[in-house]
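Structure, as structure tokens:
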Amino acid sequence: MFSNIGWGEFVILIVAALVILGPERLPGAVRWTTRSLRQVRDYASGATSQLREELGPEFDDLRKPLADLNELRGMTPRSMVTKHLLNGDDSIFRDIERAVPDTNELFGTGGAMPDYPKPTGPSLTKGDKPLGHNERPPIDTDAT
Numbered sequence: 015m016f017s018n019i020g021w022g023e024f025v026i027l028i029v030a031a032l033v034i035l036g037p038e039r040l041p042g043a044v045r046w047t048t049r050s051l052r053q054v055r056d057y058a059s060g061a062t063s064q065l066r067e068e069l070g071p072e073f074d075d076l077r078k079p080l081a082d083l084n085e086l087r088g089m090t091p092r093s094m095v096t097k098h099l100l101n102g103d104d105s106i107f108r109d110i111e112r113a114v115p116d117t118n119e120l121f122g123t124g125g126a127m128p129d130y131p132k133p134t135g136p137s138l139t140k141g142d143k144p145l146g147h148n149e150r151p152p153i154d155t156d157a158t
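For the sequence shown, the working numbering begins at 15 and goes up steadily by one.
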């Protein structure tokens with residue numbers, strides 16, 4: 015039921031409940047919580063059994079497409095290729111992952127753009143003044 019909560023989070027929840035509720039009210043809160051969870055579980059199983067009784071054999075016909083859809087939801091391109099083309103053997107993917115270098119190995123740890131040569135020319139020197147009224151900019155022969 016609490017498959018996505020780890021032991022560390024569970025301990026933090028218990029300590030927080032102890033601090034918030036105090037040692038006097040904590041046992042009553044735990045009893046109320048377990049009783050409520052049990053009641054919700056009974057309601058859910060009762061609804062399932064009631065559906066099964068009312069639909070009869072059609073209930074299984076309804077469950078099969080839902081189970082197939084749930085299976086497809088977990089499929090990724092890698093898992094589909096592994097399952098259907100490689101018969102469940104994903105060792106080729108693991109070999110490829112080991113052979114391809116990591117992004118840090120490719121680009122270095124700095125992550126910045128490499129320093130490209132800075133363009134130089136008469137229009138990029140520090141002593142240039144802005145263009146005057148109706149003055150044409152110089153022509154860059156490399157760009158045309």
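The C-beta atom is built at its ideal place from N, Cα and C for all residues, glycine as well. If you're wondering where the values come from, they're calculated on a predicted model, not measured in any experiment.
With DSSP collapsed to three states, give me the class of Ala157. coil
What does the alpha-carbon distance come out to for the pair Arg45 and Leu65? 30 Å
Provide the residue span of the alpha helix (DSSP H) that contains Thr47, from first to last. Taken as a continuous stretch (DSSP letters only), the alpha helix (DSSP H) holding Thr47 covers 21-69.
Which residues in the same chain as Ala43 place their Cβ atom closer than 6 Å to its Cβ, once the five residues preceding and following it in sequence are excluded? Leu35
For the alpha helix (DSSP H) containing Met94, list its first residue and its last residue. 91-98
Taking the C-alpha atoms as reference points, what is the distance between Glu68 and Val54? 21 Å
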